[in-house]
Each structure stands twice: as C-alpha cells, then as structure tokens.
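Taking the numbering used here as reference, the numbering of the sequence shown is continuous, increasing by one, and the terminal residue is 55. In this text, a Cβ means the ideal position worked out from N, Cα and C, and glycines have one as well.
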Amino acid sequence: MMWNVQDVVYKINDEVVGSVITREDVLSYARRYGYQNFNVLSEDGRYLTPDDFPYSGNVRVIPIGKLG
C-alpha cells in the first residue's frame, strides 16, 4: 500500500483522503484492512514510528499479521 502526499490515494478504489498523512490515517487503514501488526516505511526504507507523524512523503504499510 503506497500513499502519496500530494494526493494520498488508496490503491483500492483510488480513494483520495487528503494531502498529509497522519498517524490516524495509518491506523484507520490498518483497521479497515484487518492488519493487527504492521510496519510503516518511508520511501527510502526507513522505519517510521508514531512520533514521525504527521508525515510529508510517501509511506508503505507492510502487514506483519492479519486478523481473522
């Protein structure tokens, strides 16, 4: 899942949600798709923590485990 800061677009249904990625955006996405555990990486591969948000740049949500 890649989000772009200029038009944060979910690849599923191309849903535009805003221009800056917040911690709540990431958590909402994770809940929506059943990710129990996940990592968030910047476009250069650096692990992001909740303290890094709001974030300006591309991020990737990598699921570690999936509910159900």
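- Ignore the nearest five residues each way along the sequence and tell me which others in Ile51's own chain have a CB closer than 7 angstroms to its CB. For Ile51, where only same-chain residues beyond five positions count, the Cβ hits under 7 angstroms are Asn24, Phe25, Asn26.
- Query: For Ile51, which residues does DSSP report across the bridge?
  - Reply: Beta-bridge analysis with DSSP links Ile51 to no other residue.
- In or out: Val73 buried (at least 16 other Cβ within 10 Å) or exposed? The requested residue 73 is not part of the displayed model; the chain covers only -12 to 55.
- Spatial distance of Arg18 from Pro41 (CA atoms): Rounded to whole angstroms, Arg18 and Pro41 show a C-alpha spacing of 18 angstroms.
- Message: According to DSSP, is Ser15 part of a helix, a strand, or is it coil?
- Response: Correct three-state label for Ser15: helix.
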